[in-house]
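Peer 1: This is the structure I want to talk about, given as structure tokens.
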Amino acid sequence: MISPEVLGRALGEAPDPELARVAVSRVGDRTEAREFLARPDIIPAAARLLGFSTAASDFFLAHPEELEALADLGPRSGQDLMQEGAADLARLGPVRGIRRFRRRAGYRVAARDLAGEDVEDVMTELSAIAEACLRLSPLPDDVAVIGMGKLGGRELNYASDVDVLFVHVESGAAAQDRAGRAAAQVISLLSEPTADGVAVRVDANLRPEGRSGPLSRSLESMVEYYGGHAATWERQSLLKARPVAGNQALGDRFVEAVTPFVHPAQLPPSAIEDVRASKTRIEDQVRSLGKESVEVKRGRGGIRDVEFAVQLLQLVHGRRYERLREPNTLRALNALAEEGFVAWVDARSLADSYRFLRRLEHRLQMVRDLQTHELPEGRRALTPLARSLGLSDATHLLEEHHRHTEIVRSLHERLFYRPLLEAFAASPAPRSALDRTATEELLAGLGFADPPAAYRSLARVVDPSGRLGKVMGTLFPVVAPALANAARPNAALVRFERVTEALATDERFGDLLAGRPDGARRLAALVGASSAFSDLLSAQPRHAAAVLELPGLERPLFAMDPATELVRVAAASASGEVKVPETGRLLAGVAEGALAIAVERSRPPVPMAVIGLGGLGAEELSFASDLDVMFVYEGEGPDGLASASAAAERTLAATRELGWNPDPDLRPEGRAGPLARSMASYLEYWERWAETWEYQALLRARFVAGDESLGRRFVSNSADFAYPERLTFAQVAQVRRMRVRMEEERIRPKDDRRFHFKLGYGSLADVQWAVELSLMRHGFAHPDVRRTNTLEALEALTAAGLIEESVARALREAYVFLSEIKAALEIDQRVPAEALPPTPEGQVALARRLGYAERARHAFLQDYRRITHRARVAMERVFYEEDQP
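Using the working numbering, you'd call the opening residue of the sequence shown number 598 and step up by one each time.
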């Protein structure tokens, strides 16, 4: 028996606690169910499932003995499922047994899904259940079942149609009639409605000639049809073809035989037009119904956007790259990224959004076991849906749905309408010698402002007289789009030419590039993003090896020199392989390495530690950041002070030689004070003379180089002042006044306050100061919230209930968005940036750097205004939450 507390907790954790209470009570009225619902290994899963799916409640009410299946939610292999289904057929007969098996197995997956199972594993097992149903159906030995659509891709939903083709061995009318009757029997067994519903809805309408064609065709007839009569959409559907039941060898022969029609030596450009036209028809239909924003599958930014973009790229590039011939959408997307046809940042964003949309679609279908793809109306229906996805409420769900569909739509348009696709489709192989007219047209379509000049630069880059030129010729499909994504593509291509000229002096780079198309794309992305790093690579091409190879960023840093490490992080950032918050952490790591070298070179005569403050302490550096530092030493008397200050000066000089700009001005007394102090001197200053802003600065204090024991002691002692037991009203007022003064006095008149992303309205400073004031208020009583990093501190404060989730979301969104703007501006010249470019041309260039495509400036500024407004409102909610501390 379970205790009332366990039962209450289980019901409370259900997506809809009241529905869970009613459903558990209703099912528990059945005597056979009570024993199972009283078991602690069953009730948590049962409450989640019954508290969300009315279809599951109906099933367990009719078959209470099946509740025992919820005791073990572990994944099942295909063989396990076959054995389970076979036992049901033997016990209940084919019709009832196959339906009982499918529903029990499906609800078991649903319970695991609601507990947080990865969506890939859910789709895989739902597909395996459908395969088991097909394999348990009687089929002649000479018939194969080919899975298509989501079944072929192992991507089934809870209420998906199961798309199949039937193929048999022998030609002739008699064989076709026999195979057709067998196929019809399979469809009837699985799809005929009974008192127990259907097992799976088998749909054979993707077959040649659709409903008017025979249910099964011979292999010879299939080859004839797809080779000479199939429409583009029919060949596109074969991307998902996979043998799932019946004669496996025959199924394999079918897939092998039709592959040349899916991936011909040359794909006519009309095929791309056909795919795009098909997608347009789907969109027009959804738009005519007014469902564009609520249709998860076919709506704007929906699942179909991901699938069509991936499949079009597979059709175009799969002819040359066999690893792209993957039925599963996520695996195909990963292969496209690995081959360099999709940027890693885009692939990851698209995959994350696809996973969200598929989970949402699963939940919609799970409720009543119906094939629906529309978001329901009203908070009453949306709230359990949100809770089932781990979201707080209906508003949060709608925000997440909007965010993901915007990401998908933006990336879909970028990938689906690439001007280069038609040329790649018509080209039988990657070209090293480029046709001038055709190439200039392609470059113009990509956005190069001066196509003839771009062609001349490109022709020199791919000059086949040298090894590197030959290799770059084969990489043209990877390099050109990456350069086209630059703010100014023509200038980027000129820089890329200059960099490749430098690389050509070392023949090893040709071989290095030949095996790393992703490295070529990364190099082009870095050159496109940054003139400063392009100049560095041109002058010192040895650093390019780090870009091309890019060993795992999580490995211990500083095996290379700091300059090479900096290039490596810049390349990963420019190509989108790491996001801005992670970039800041990695840059801080590179800076720490430089400081460690500098301290070693300075040879301090006394124990000395370097303390990072500001962006360095918070691990939030950008590409033009100063390094805010303090020096603490162990020693007494004038001699110790003099020798430590001299060592600190040498450390600063050595750090500058390594390419960084250290700034010690946050130290006590600023420039008027000594460069280094003893621990006792710091303590005396903080106790007697320090101002509130100096305590605030200590929130970001972190040991970064030198004597570790001394550095840790400094950080520990400084925490007593950064996190006071009681923050006085006067101190709160000081912080508020300082923030206002920053905005009023430090923003130059020509800068619009609303567009000053560092200090202005809804800026990075708004987020940082809101978080820091919260830390000073609560850090003493809640030591777990103490973090030097802004986003980590925000997460900790939210988890502790000290900042509302909705406020935290707005602050988090702004911090990431504005940090991306700062990084995009600073990576170019490595000069500090604080405000948006003042000219429309500069804003367009920035928007392009950030990935905006259609109406780039308008869309970017619209996002900027919306995000910063929400951040300012959220900041004021935190900053002025109480009149008394």
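Idealized CB from N, CA, C, for every residue including glycine. Only a predicted model underlies this, so the values are computations on that prediction, with no experimental measurement involved.
S1054 by DSSP, collapsed to three states: which one?
Peer 2: helix
Peer 1: What separation, rounded to the nearest whole angstrom, lies between the Cα atoms of Q863 and R916?
Peer 2: C-alpha separation (whole angstroms): 8 Å.
Peer 1: To the nearest whole angstrom, what separates the beta carbons of L954 and I1004, a pair I think is in contact under 8 Å?
Peer 2: The pair is not a contact, with the Cβ atoms about 10 Å apart (cut-off 8 Å).
Peer 1: Opposite G1303 in the DSSP bridges: which residues?
Peer 2: The partner list for G1303 (beta bridge, DSSP) reads A1206.
Peer 1: Give the list of continuous beta strand (DSSP E) stretches no shorter than 3 residues that lie fully inside the stretch 659-700.
Peer 2: none
Peer 1: List the residues that DSSP assigns as beta-bridge partners of E892.
Peer 2: E971
Peer 1: Among D1425, A1453, S724, A1191, which has the Cα closest to the Cα of N754?
Peer 2: S724
Peer 1: Can you say whether D1236 is buried or exposed, counting buried as having 16 or more other CB atoms within 10 angstroms of its CB?
Peer 2: exposed
Peer 1: Kindly confirm or deny that the stretch 825-840 and the stretch 780-793 touch, where touching means at least three C-beta pairs closer than 8 Å.
Peer 2: no
Peer 1: Return the first residue and the last residue of the beta strand (DSSP E) that M1227 is part of.
Peer 2: 1224-1230
Peer 1: Just list the residues that DSSP pairs P1259 with in beta bridges.
Peer 2: L1224
Peer 1: On a CA-only basis, which of G1232, L1213, T1289 is nearest W1257? Give me that one, please.
Peer 2: L1213
Peer 1: Compute the Euclidean distance between the alpha carbons of P614 and N1314, then round it to the nearest angstrom.
Peer 2: If you draw a straight line from the Cα of P614 to the Cα of N1314, it is about 48 Å long.
Peer 1: Would you check if the distance between the CB atom of A1169 and the CB atom of R1119 is smaller than 9 Å?
Peer 2: yes
Peer 1: Measuring alpha carbon to alpha carbon, tell me which residue in F1220, E1291, L1324, N1386 is nearest R1427.
Peer 2: Per the Cα distances, F1220.
Peer 1: Suppose you measure from the CA of R693 to the CA of G675; what does that come to, to the nearest Å?
Peer 2: 21 Å
Peer 1: Ignoring anything shorter than 4 residues, give me the alpha helix (DSSP H) runs that lie fully in the stretch 1269-1301, in order along the chain.
Peer 2: 1276-1285, 1289-1294
Peer 1: Within its chain, find whatever has a CB closer than 7 Å to the CB of H1466; leave out the 5 residues flanking it on each side and keep chain order.
Peer 2: Closer than 7 Å at Cβ, skipping near neighbours: G1359.
Peer 1: Counting only runs that start and end within the stretch 824-894, where is the beta strand (DSSP E) found for 3 or more residues in a row?
Peer 2: 839-843
Peer 1: From what residue to what residue does the alpha helix (DSSP H) around F1326 run?
Peer 2: 1326-1342
Peer 1: Check whether the Cβ atoms of L1361 and Y1412 lie closer than 9 Å to each other.
Peer 2: yes
Peer 1: Given a cut-off of 9 Å on the beta-carbon distance, is the pair L1295 and L1210 in contact?
Peer 2: yes
Peer 1: I need the straight-line Cα distance from R688 to I695, nearest angstrom please.
Peer 2: 10 Å
Peer 1: Can you confirm whether the stretch 640-657 touches the stretch 603-617 when touching is taken to mean that 3 or more C-beta pairs between the two stretches lie within less than 8 Å?
Peer 2: Contact between the stretch 603-617 and the stretch 640-657 is established, with three or more Cβ pairs separated by less than 8 Å.
Peer 1: Looking at R1406 and L1388, is the spacing between their C-beta atoms short of 9 Å?
Peer 2: no
Peer 1: Between the stretch 866-879 and the stretch 955-974, do at least 3 Cβ pairs fall closer than 8 Å?
Peer 2: no
Peer 1: Would DSSP call D1060 helix, strand or coil?
Peer 2: coil
Peer 1: Within its chain, find whatever has a CB closer than 6 Å to the CB of G605; leave out the 5 residues flanking it on each side and keep chain order.
Peer 2: For G605, where only same-chain residues beyond five positions count, there are no Cβ hits under 6 Å.
Peer 1: In the structure shown, what three-state DSSP assignment does R1152 receive?
Peer 2: With a pLDDT of only 42 at R1152, under 50, the local geometry of the prediction cannot be trusted, and the value read off the model is given with reservation. R1152 falls in the coil class under three-state DSSP.
Peer 1: Where does H765 fall in DSSP's three states?
Peer 2: strand
Peer 1: Please classify Y1230 as buried or exposed, where buried requires at least 16 other C-beta atoms within 10 Å of its C-beta.
Peer 2: When all chains shown are included, Y1230 counts as buried.
Peer 1: Please state if the CB of G843 and the CB of V742 are separated by a distance shorter than 9 Å.
Peer 2: Taking 9 Å as the cut-off, the beta carbon of V742 is found closer than this to the beta carbon of G843.
Peer 1: My guess is that I639 and L664 are in contact by the Cβ rule of under 8 Å, so how many angstroms apart are they, rounded?
Peer 2: 6 Å
Peer 1: Could you check whether E1217 and N1386 sit closer than 9 Å to each other, using their CB atoms as the reference points?
Peer 2: It is a contact, given that the beta carbons lie within the stated cut-off.
Peer 1: Jot down the residue ranges of each uninterrupted alpha helix (DSSP H) in the stretch 921-979, minimum 4 residues, whole runs only, in chain order.
Peer 2: Runs of the alpha helix (DSSP H) inside the stretch 921-979: 926-935, 941-965.
Peer 1: Am I right that P1086 and F1045 are in contact with their C-beta atoms under 8 Å? What's the rounded C-beta distance?
Peer 2: With a Cβ gap of about 5 Å, P1086 and F1045 count as contacting.
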